[in-house]
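Novice: As you go down the protein sequences, you meet chains A and B in turn.
Numbered by our numbering, the letters in the first sequence go through residues 1 to 305 in order.
Numbered by our numbering, the letters in the second sequence go through residues 306 to 610 in order.
Beta carbons are placed, not taken as given, at the ideal position from N, Cα and C, and that holds for glycine.
There are 2 protein chains.
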Amino acid sequence: MAARRRIELSRERPLRRSRAGAPHGGTVVAIGGHEDRVGDKHILRAVADRLGHGGKLVVCTVATEEPHELWEEYESAFRSLDVPHVYRLDIESREDASSERAMRVLEGATGVFFTGGDQLKITSQIGDTPTYARIREIFEQGGVVAGTSAGASVMSETMLVTNNSEASDRISALLMAPGLGFASDMLIDQHFSERGRMARLIGAISQNPRVLGVGIDEDTALILEHERCFRVLGAGGVFVVDASKTTRTSICEEKAERMLSTFGIAVHMLTQGDRFDLPSRTPSSHSSESMERYETAVKRGATGD
Amino acid sequence: MAARRRIELSRERPLRRSRAGAPHGGTVVAIGGHEDRVGDKHILRAVADRLGHGGKLVVCTVATEEPHELWEEYESAFRSLDVPHVYRLDIESREDASSERAMRVLEGATGVFFTGGDQLKITSQIGDTPTYARIREIFEQGGVVAGTSAGASVMSETMLVTNNSEASDRISALLMAPGLGFASDMLIDQHFSERGRMARLIGAISQNPRVLGVGIDEDTALILEHERCFRVLGAGGVFVVDASKTTRTSICEEKAERMLSTFGIAVHMLTQGDRFDLPSRTPSSHSSESMERYETAVKRGATGD
Numbered sequence: 001m002a003a004r005r006r007i008e009l010s011r012e013r014p015l016r017r018s019r020a021g022a023p024h025g026g027t028v029v030a031i032g033g034h035e036d037r038v039g040d041k042h043i044l045r046a047v048a049d050r051l052g053h054g055g056k057l058v059v060c061t062v063a064t065e066e067p068h069e070l071w072e073e074y075e076s077a078f079r080s081l082d083v084p085h086v087y088r089l090d091i092e093s094r095e096d097a098s099s100e101r102a103m104r105v106l107e108g109a110t111g112v113f114f115t116g117g118d119q120l121k122i123t124s125q126i127g128d129t130p131t132y133a134r135i136r137e138i139f140e141q142g143g144v145v146a147g148t149s150a151g152a153s154v155m156s157e158t159m160l161v162t163n164n165s166e167a168s169d170r171i172s173a174l175l176m177a178p179g180l181g182f183a184s185d186m187l188i189d190q191h192f193s194e195r196g197r198m199a200r201l202i203g204a205i206s207q208n209p210r211v212l213g214v215g216i217d218e219d220t221a222l223i224l225e226h227e228r229c230f231r232v233l234g235a236g237g238v239f240v241v242d243a244s245k246t247t248r249t250s251i252c253e254e255k256a257e258r259m260l261s262t263f264g265i266a267v268h269m270l271t272q273g274d275r276f277d278l279p280s281r282t283p284s285s286h287s288s289e290s291m292e293r294y295e296t297a298v299k300r301g302a303t304g305d
Numbered sequence: 306m307a308a309r310r311r312i313e314l315s316r317e318r319p320l321r322r323s324r325a326g327a328p329h330g331g332t333v334v335a336i337g338g339h340e341d342r343v344g345d346k347h348i349l350r351a352v353a354d355r356l357g358h359g360g361k362l363v364v365c366t367v368a369t370e371e372p373h374e375l376w377e378e379y380e381s382a383f384r385s386l387d388v389p390h391v392y393r394l395d396i397e398s399r400e401d402a403s404s405e406r407a408m409r410v411l412e413g414a415t416g417v418f419f420t421g422g423d424q425l426k427i428t429s430q431i432g433d434t435p436t437y438a439r440i441r442e443i444f445e446q447g448g449v450v451a452g453t454s455a456g457a458s459v460m461s462e463t464m465l466v467t468n469n470s471e472a473s474d475r476i477s478a479l480l481m482a483p484g485l486g487f488a489s490d491m492l493i494d495q496h497f498s499e500r501g502r503m504a505r506l507i508g509a510i511s512q513n514p515r516v517l518g519v520g521i522d523e524d525t526a527l528i529l530e531h532e533r534c535f536r537v538l539g540a541g542g543v544f545v546v547d548a549s550k551t552t553r554t555s556i557c558e559e560k561a562e563r564m565l566s567t568f569g570i571a572v573h574m575l576t577q578g579d580r581f582d583l584p585s586r587t588p589s590s591h592s593s594e595s596m597e598r599y600e601t602a603v604k605r606g607a608t609g610d
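1) Less than 8 angstroms between the CB atoms is what I'm expecting for residue 449 of chain B and residue 352 of chain B, so what's the real figure, rounded?
2) Between which residues of its own chain and residue 554 of chain B is the CB-CB distance below 6 angstroms, once the five residues before and five after are set aside?
3) Here's a check: name, in chain order, each residue in its chain whose Cβ is nearer than 7 angstroms to the Cβ of residue 139 of chain A, leaving out the five neighbours to either side.
4) Roughly how many angstroms lie between the CA atoms of residue 577 of chain B and residue 297 of chain A, to the nearest whole one?
5) How about residue 346 of chain B and residue 382 of chain B: are their beta carbons less than 9 angstroms apart?
6) Checking 9 angstroms against the spacing of the C-beta atoms, do residue 518 of chain B and residue 537 of chain B come in under that value?
7) Does the beta carbon of residue 553 of chain B come closer than 9 angstroms to any beta carbon on chain A?
8) Run the CB neighbour count on residue 389 of chain B, radius 10 Å, all protein chains shown included, and call it buried at 16 or more, exposed below.
9) Looking at residue 221 of chain A and residue 35 of chain A, is the spacing between their C-beta atoms short of 9 angstroms?
10) Could you name the residues that DSSP lists as bridge partners for residue 573 of chain B?
11) Which chain A residues sit within Cβ distance under 9 angstroms of residue 454 of chain B?
12) Counting only beta-carbon atoms, is residue 517 of chain B nearer than 9 angstroms to chain A?
13) Which residues bound the alpha helix (DSSP H) around residue 450 of chain B?
14) Closest Cβ-Cβ distance between residue 597 of chain B and chain A: below 9 angstroms?
15) Determine, using beta carbons only, whether residue 546 of chain B comes closer than 9 angstroms to chain E.
16) At the 9 angstroms Cβ level, is residue 295 of chain A part of the contact set with chain B, yes or no?
17) Does any CB atom of chain A fall closer than 9 angstroms to the CB of residue 571 of chain B?
18) From residue 131 of chain A to residue 177 of chain A, what does the alpha carbon distance come to, in whole angstroms?
19) Are there 16 or more other CB atoms within 10 angstroms of the CB of residue 54 of chain A, so buried, or fewer, so exposed?
20) By the 10 Å Cβ neighbour count, where 16 or more other Cβ atoms means buried, how is residue 7 of chain A classified, buried or exposed?
21) So what's residue 202 of chain A in DSSP terms, helix, strand or just coil?
22) Report yes if the C-beta distance between residue 335 of chain B and residue 421 of chain B is below 9 angstroms; otherwise report no.
23) On a Cα-Cα basis, can you pick out the residue from A/218, A/120, A/285 that is closest to residue 93 of chain A?
24) Given this structure, state the Cα-to-Cα distance separating residue 180 of chain A from residue 111 of chain A, to the nearest angstrom.
25) With a threshold of 9 angstroms between beta carbons, is residue 500 of chain B in contact with chain A?
26) Along the region 268-280 of chain A, what residues have a CB closer than 9 angstroms to any CB found in chain B?
27) Excluding the 5 residues flanking residue 515 of chain B on each side, which residues of the same chain have their C-beta closer than 7 angstroms to its C-beta?
28) Run through chain B and tell me which residues come within less than 8 angstroms of residue 98 of chain A, C-beta to C-beta.
29) Determine the direct distance from the alpha carbon of residue 569 of chain B to that of residue 301 of chain A, and round the result to whole angstroms.
30) Go ahead and pull the three-state DSSP assignment for residue 306 of chain B.
31) Note down the Cα distance separating residue 282 of chain A from residue 162 of chain A, rounded to an integer number of angstroms.
32) Would you please state the rounded distance, in angstroms, between the beta carbons of residue 362 of chain B and residue 419 of chain B? I believe it to be under 8 angstroms.
33) Is the closest heavy atom of the ligand SAM to the C-beta of residue 88 of chain A under 8 angstroms?
34) Please report how far the alpha carbon of residue 392 of chain B lies from the alpha carbon of residue 503 of chain B, in whole angstroms.
35) Quick test of your reading: residue 590 of chain B and residue 582 of chain B, contact by CB under 8 angstroms. State the CB separation rounded to the nearest angstrom.
36) May I ask you to list the residues that DSSP assigns as paired with residue 520 of chain B?
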């Protein structure tokens, strides 16, 4: 193939996994943290409504230092949303993640929910264990993998790791690690507007614009279906940060303690109802009410997806 | 002129005041808040070095609730930077701003520095008073107009007003008011990354993309010369947010309590040394050290500008 044609083809169809042909996989629900758990629970309701008739949800508290408290909150929330089977999977070691107990808890599950906490606890404890393999299987069979805060970060291929230093937007403070990879070609950040994380997200994707940056506000979620398109649900915004047209970045030049300079980033600010097509990296606008109608259809099992 | 040609011309030379021919006006130094006042004082030093030989700086404490404390801090900082004449202008009423005392304080000044506080106190007390006219005159004669935090916001034509509600990124919470207008065609926001203000800045400029959004991090400044080009100085970033290529915004559709959705915003993340040309809205990359050399040249009066 002629060199020029190769370049044209790459522009027309960038090599992104999400461009792959037939729809496959289940649903990712990534939540920016602090979702409503006692009122309307619109986001947890979206998780519940995707579990199928007689669904079974496993709440995985591995990330948190307060597993008992969080489990009680989520158990109460999901039971009030009429999820027939809600189980707890607490993992404190890789041994737990490889145990028969874990396999029994995950047996028959149609959804897994990761609480907030420390994303490295999730990946270091369950990465490459039977628990991870089983969750992947649930996902590939059309199940739901959901998570909030740290639980949303781990959906990424490569994830941002919380850095408690004040200078979290310096290059040296940009800590990343392999995520669970349920959201292909994406790097998801959470508590996004609330914690002012635009600079660190731009810094992360500048290191490799193949990956799309997605920043989710609190009480807001993206719902990604078949790894192709996500929809926004909730009170805040979802920021899509695309470095593919970036004209310059100082990532390899500047001293590590400095901030990055990057020019020509495309940013889309999406709110409830809006959709984003991953293969073409194109947002489309839909009303907030359209999302409520869609969710009602999901509940009735009538989305046709 | 043919319609098509008119459109082409408008694309080639958008109608921005900053495109105007000959350089004029003085220097704006807009600081994102919390600039170093006791150590190296690199940003206050940049103000001091632009006052000229035997310069006189007037520190205007109108914005703050703690005028005495701030005055003492800034007096000490600027005296340590060898500014020969540092005066205080405290204004508590429009009468003060129209007083002979204020005129005497501003007599012979080559620079004015606005402290942080409440931007509405600055504009409501001095707007359209002899104090404002005199500061404008100082600026047009080539002087320096500087400000930090609220003092940076007022440099804008139209400024964002602090809203203490948690939902500051909702359309209804986007409060704006006329600023002092020293930075043409710009809307300056401060404490930018630290307070997570990207959504509100995008919200503001989506209402009129004629104005360029500029978000300044703490201990970071933009130095705007002749209303045409600014340079970045300091530890953090300056985010330029350009809505001119925005493909869609929900500003007129959504209910006021919702967040905005806006697609196709261009964002440039600039750090020390980087420059931004306002007429063409184009960033250019320069090393951090180049800015240190430039500042040394300014101090020696050898920039050739």
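Specialist: With the given structure in hand:
1) Within the second sequence, residue 449 of chain B is the residue found at index 144, counting from 1. Within the second sequence, residue 352 of chain B is the residue found at index 47, counting from 1. Right, the Cβ-Cβ distance comes to about 6 angstroms (below 8 angstroms), so this counts as a contact.
2) Your numbering for residue 554 of chain B matches position 249 in the second sequence. 511, 567, listed in sequence order.
3) Counting from 1 along the first sequence, the entry for residue 139 of chain A is found at position 139. Around residue 139 of chain A: 25, 26, 145, 182.
4) Against the second sequence, residue 577 of chain B aligns to sequence position 272. Against the first sequence, residue 297 of chain A aligns to sequence position 297. Rounded to whole angstroms, residue 577 of chain B to residue 297 of chain A spans 51 angstroms at the Cα level.
5) Numbered from its first residue, the second sequence carries residue 346 of chain B at position 41. Numbered from its first residue, the second sequence carries residue 382 of chain B at position 77. Contact flag set, yes.
6) For the purposes of this step, residue 518 of chain B is taken as the residue at position 213 of the second sequence. For the purposes of this step, residue 537 of chain B is taken as the residue at position 232 of the second sequence. In this structure, residue 518 of chain B keeps its C-beta atom at 9 angstroms or more from the C-beta atom of residue 537 of chain B.
7) Your numbering for residue 553 of chain B matches position 248 in the second sequence. True, the Cβ-Cβ gap to chain A drops below 9 angstroms.
8) Residue 389 of chain B sits at position 84 when you count from the first residue of the second sequence. Exposed.
9) If you number the first sequence from 1, residue 35 of chain A lands on position 35. If you number the first sequence from 1, residue 221 of chain A lands on position 221. Yes, Cβ-Cβ distance for residue 35 of chain A and residue 221 of chain A is below 9 angstroms.
10) One-based indexing of the second sequence puts residue 573 of chain B at position 268. Partner(s): B/545.
11) Counting from one through the second sequence, the residue named residue 454 of chain B turns up at place 149. Simply none; closest approach about 16 angstroms.
12) Numbered from its first residue, the second sequence carries residue 517 of chain B at position 212. Chain A has no Cβ within less than 9 angstroms of the Cβ of residue 517 of chain B.
13) Translated into positions along the second sequence, residue 450 of chain B becomes position 145. Unbroken run through residue 450 of chain B is the beta strand (DSSP E), 449-453; no alpha helix (DSSP H).
14) Counting from one through the second sequence, the residue named residue 597 of chain B turns up at place 292. It does not; no Cβ of chain A falls within 9 angstroms.
15) As a matter of chain content, chain E is missing from the structure shown, whose protein chains are A and B.
16) Residue 295 of chain A sits at position 295 when you count from the first residue of the first sequence. No, residue 295 of chain A lies away from the interface with chain B (no Cβ there is under 9 angstroms from its Cβ).
17) Counting from 1 along the second sequence, the entry for residue 571 of chain B is found at position 266. Yes, its Cβ sits closer than 9 angstroms to a Cβ of chain A.
18) In the first sequence, counting from the first residue as 1, residue 131 of chain A sits at position 131. In the first sequence, counting from the first residue as 1, residue 177 of chain A sits at position 177. Rounded to whole angstroms, residue 131 of chain A to residue 177 of chain A spans 19 angstroms at the Cα level.
19) As a working mapping, residue 54 of chain A is identified with position 54 in the first sequence. The residue is exposed, with fewer than 16 neighbouring Cβ atoms inside 10 Å.
20) Indexing the first sequence from 1 puts residue 7 of chain A at position 7. Exposed, since its Cβ has fewer than 16 Cβ neighbours within 10 Å.
21) Here residue 202 of chain A refers to the residue found at position 202 of the first sequence. The answer is helix: DSSP assigns residue 202 of chain A an H, G or I state.
22) Within the second sequence, the letter at position 30 stands for residue 335 of chain B. Within the second sequence, the letter at position 116 stands for residue 421 of chain B. No, they are not a contact pair.
23) On the first sequence, position 93 is the one that residue 93 of chain A refers to. Minimum Cα distance to residue 93 of chain A is reached at A/120.
24) In the first sequence, counting from the first residue as 1, residue 180 of chain A sits at position 180. In the first sequence, counting from the first residue as 1, residue 111 of chain A sits at position 111. Taking the straight line joining both Cα atoms gives about 15 angstroms.
25) Counting from 1 along the second sequence, the entry for residue 500 of chain B is found at position 195. Closer than 9 angstroms: yes.
26) 268, 269, 270, 271, 272, 273, 274
27) Taking the second sequence and counting its residues from 1, one reaches residue 515 of chain B at position 210. Counting only Cβ-Cβ distances below 7 angstroms, and skipping sequence neighbours, we find 490.
28) Here residue 98 of chain A is taken as the residue at index 98 of the first sequence, counted from 1. Under the 8 angstroms cutoff, chain B gives no residues; its nearest Cβ is about 40 angstroms from residue 98 of chain A.
29) Residue numbering aside, residue 301 of chain A sits at position 301 when the first sequence is read from its first letter. Residue numbering aside, residue 569 of chain B sits at position 264 when the second sequence is read from its first letter. Distance between the alpha carbons of residue 301 of chain A and residue 569 of chain B is about 34 angstroms.
30) For the purposes of this step, residue 306 of chain B is taken as the residue at position 1 of the second sequence. If DSSP states are grouped into helix, strand and coil, residue 306 of chain B belongs with coil.
31) Stepping through the first sequence from its first residue, residue 282 of chain A is reached at position 282. Stepping through the first sequence from its first residue, residue 162 of chain A is reached at position 162. Each residue's Cα considered, the two are about 29 angstroms apart.
32) Indexing the second sequence from 1 puts residue 362 of chain B at position 57. Indexing the second sequence from 1 puts residue 419 of chain B at position 114. Rounded, the Cβ-Cβ distance is 12 angstroms, inconsistent with contact.
33) Looking at this structure, you won't find the ligand SAM or any other ligand, since it has none at all.
34) Here residue 392 of chain B is taken as the residue at index 87 of the second sequence, counted from 1. Here residue 503 of chain B is taken as the residue at index 198 of the second sequence, counted from 1. The alpha-carbon atoms of residue 392 of chain B and residue 503 of chain B are separated by roughly 36 angstroms.
35) As a working note, residue 590 of chain B is residue 285 in the second sequence. As a working note, residue 582 of chain B is residue 277 in the second sequence. 12 angstroms between Cβ atoms; not a contact.
36) Mapped onto the second sequence, residue 520 of chain B falls at position 215. Its beta-bridge partners are B/494, B/544.
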